[in-house]
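Beneath this line is the structure, given in C-alpha cells, with notes to follow.
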Amino acid sequence: MRQVRTLGLLGTGVIGGGWAARALHFGIDVIAADLKPEMEEWLRGAVANAEGALARLTFAPLPPKGRLSFTTDLHAMARAADLIQENIPEQLELKQRVLADVSRHAPADVVIASSTSGLTPSDLQRDMLAPERMLVAHPFNPVYLLPLVELVGGAATSAAALEAAAGFYTYIGMHPLRVRREVPGHLTDRLQEALWREILHLVNDGVATTGELDDSIVYGPGLRWAGMGTNLIYHLAGGETGMRHMLRQFGPCLKWPWTKLEAPELTEELIDKMVAGTQAQAAGRSIRELERLRDDYLVAIQQVLREYNIGAGATLRALEERLYEDAAAASRPRIAAAAAAGAAGSGGGALRLLETQVRPEWIDYNGHMTDSRYLQVFGDATDALFRYAGIDDAYRRSGHALYTAESHVVHKAEARSQERLYVMSRVLEVDEKRVRLFHSMHRTRDETLVASAEQLYLHVSTEAGKVVPMDAAVHTRLSALQAATR
Ligand SMILES: NC(=O)c1ccc[n+]([C@@H]2O[C@H](COP(=O)([O-])OP(=O)(O)OC[C@H]3O[C@@H](n4cnc5c(N)ncnc54)[C@H](O)[C@@H]3O)[C@@H](O)[C@H]2O)c1
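According to our numbering, the stretch in the sequence shown is residues 648 to 1133, in order.
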C-alpha cells in the first residue's frame, strides 16, 4: 500500500472536518470532497476552530502544516489521494453506492476507510473494486483531539490494508484499536449505546434528570475511565483476589438484572425531557462555547496522562518521541560529517541543525512569532544535537539528563506566520558536567538573522537532583562537536 502524503476526504461534515484538522496539523496534505460547495467555507472554519487546542497538545517539533484543497468532484479527489476516508451520512445504500463509485477511480493500492459508527465493512465493501483495501476506521468526536480509531476489516479486507492504515493513523497521533471480528456498532459504540439506553430509561421512568445522570458519571467513574477502563477498575475493586472476587460478589446482580437492555420507546414526551434536560445543563452556553471548554480539558487531561504514560497520554508520549526523533534524524548525517571533519582537525563552523516553519498558532498580537516559541525552536535544535551525542529517551530513562541552567536570547528581526526558518548551532564549551551552546536562527528566504541564543546546560542525575559527570561516550561526542563547530 502507498505511503500517505495526501489524505482524501469524502464528506466534510463534523467528522470530515475533524479528520482534516488532525491530518493537516501533522503535515499531511488534504484534498476534501463534498457534494455541497458551501461545505468548503464550513470546513475551513472547522479547521481554524480546531487549531487553538491542537496547538497546545504538544510542543514537539512538527513538520510544516499540510495544505488543504476542496473539490465537489469526488473522482478527482479519488485520483489524487493516497488514502481515502469516507465520512458521508450513516446510510448503508448511500455509502455502498458512493464507495463503489469512488473505488473505480482510486488506484488499487489506495486504502479506502469508512468512518461509519456501526455499519460493517463486509456490507460496505460489497460492490467495490479491489475491496481488499477497504476497512472501517471509526474515529471519535472531536477527531482532532481524541486518539482512538477502531480498525475493522471485512470478509475481503487484506492484512496489508489494515497494517498500512494502522501505520498512517499512528503517524497522525492516533491509537488504532484492532477489532478482531466485525459486529454492528464495533466496540465503543456498543458500550456507549448500552449506557445511553439506560439513560433514556431512567429519564423516561422519571428516576433522574439528564443533568443528574451526567453527574453520576462525571464526578465518579468518568474520572477513572480516562486512565483505566471498567475491567481493570473492577479488578482493583475486588481487593487482593481482584476480578475473581468481584465476579463472585457482584455476579448475581447481573442476573436480576439492574439494567433493562431493550431501548424505551422514543415518545415525544421522552424527547422533550431529554432536550429540556440538556438545555438546562448548557445553561445558555452555545455549542461553540461548550466545544471550546471540552477541547481545553481534553488537551489538559492528555498532558496529565502523559506524565503517567497511560491511555491517551501514552499515545501522546510515543507521538512526541517520534516527532523529536524525526526532527533529529534529518540533521544526523550533517552532524556526523561535521564531527568527523572536526576529529580530523578541520572544524567547519556552525552546524545547520533544524529547518522549521512559523506555524500560524505561534503568532502573537503583533503578528510576529511569540517569545516562548523562540525558546522552543532553539530547544528543538539543542535536542537534535544532544540526541546525536547519545542523550535520548533511553539515556534519560537511565536517570541522567541535561538541564537548562541559563538562556540568553537576543532578538534581531521578526518572524511572520508561515516564514521558513533554520537554526545554526555551535558547541562553545564542554566539560564533564557542563555544555555551552550558541544558536542562531535565520529566515530561509534571505538568511536574515532573526535571533540568537546562548545556553548553558548542566548534566544531572535526575534521581539525586545533583550535577554529576556525564557518560564518557557522550562527553567524547560532544567534544568532537565542539572541535567541529569551532
Ligand atoms: N458525528 C459523530 O460524532 C460521529 C463520530 C464517529 C463517526 N461518525 C460517522 O461519520 C460519518 C459522518 O458523520 P457526520 O456526523 O460527519 O455527518 P455530517 O452530516 O456532519 O456530514 C456528512 C457530509 O457528507 C456530505 N455528503 C452527503 N452525501 C455525499 C456524497 N454522496 N458525496 C460526498 N459527500 C456527501 C454532506 O454534504 C455532509 O457535508 C457517519 O458515518 C457517522 O456515523 C460520526
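Idealized CB from N, CA, C, for every residue including glycine.
Note on T1091: under 16 other CB atoms within 10 angstroms of its CB, so exposed under the neighbour-count rule. Within the stretch 974-1019, complete beta strand (DSSP E) segments of at least 3 residues are found at 998-1004, given in chain order. Per DSSP, the beta bridge partners of F717 are A679. Looking from the CA of S761, the closest CA among H752, A961, W666 belongs to W666. Within 7 Å of the C-beta of D774 there is not a single heavy atom belonging to ligand 1. By the criterion of a C-beta distance shorter than 6 Å, N956 is surrounded in its chain by R964, once the five residues flanking it on both sides are discounted. If you check the CB distance, L656 and G663 come in under 8 Å. Unbroken alpha helix (DSSP H) stretches of 4 residues or longer found wholly inside the stretch 748-779: 768-771, given in chain order. By the beta-carbon neighbour count (other beta carbons within 10 angstroms, threshold 16), Q738 is exposed. L1084 sits in a strand when the DSSP states are folded into three classes. Among the bridge pairs identified by DSSP, G655 is matched with I678, I731.
Assignment of R1063 by DSSP, reduced to helix, strand and coil, places it in the coil class. Rounded to whole angstroms, the Cβ separation of H1086 and V1070 is 5 Å, and the two are in contact under 8 Å. The way I'd put it, the stretch 679-696 does touch the stretch 717-728; three or more beta-carbon pairs between them come closer than 8 Å. CA-to-CA, the gap between S805 and V951 works out to about 37 Å.
When the beta-carbon positions are compared, D770 and A747 stay at least 8 Å from each other. With contacts defined as CB atoms closer than 8 Å, F673 and L730 fail to qualify as a contacting pair. Straight-line spacing of the CA atoms in N696 and L682 works out to 22 Å.
When only Cα atoms are considered, T1003 and E936 end up about 33 Å apart. Going by DSSP, Q650 is part of no beta strand (DSSP E) at all; its letter is neither H nor E. Counting along the chain, no beta strand (DSSP E) covers T914, and no H or E run does either. The criterion of a C-beta distance shorter than 8 Å is not satisfied by A1119 and A986.
DSSP, read as helix, strand or coil, puts G800 in strand. In this structure, A1098 sits near V1057, with a CB-CB distance shorter than 8 Å. T914 counts as exposed, since fewer than 16 other C-beta atoms from the protein chains shown sit within 10 angstroms of its C-beta. For M893, the enclosing alpha helix (DSSP H) covers residues 889-902. Looking from the CA of H752, the closest CA among Q772, K742, A727 belongs to A727. Within the same chain, V694, A697, Y791 come within 6 Å of A668 by CB-CB distance, once the 5 residues on both sides are set aside.
Residues G924, A927, Q928 of the same chain have their beta carbon placed closer than 7 Å to that of G858, with the five preceding and five following residues left out of the count. Looking at the backbone, the Cα of H1089 and that of Q1102 are separated by about 18 Å. For G832, the shortest C-beta to heavy atom distance toward ligand 1 is 7 Å or greater.
With fewer than 16 neighbouring CB atoms inside 10 Å of its own CB, V854 falls in the exposed class.
The bridge partners DSSP lists for A1119 come to none. DSSP places K1113 within a strand segment (E or B) once states are collapsed to three. When the beta-carbon positions are compared, R1006 and K712 come within less than 8 Å of each other.
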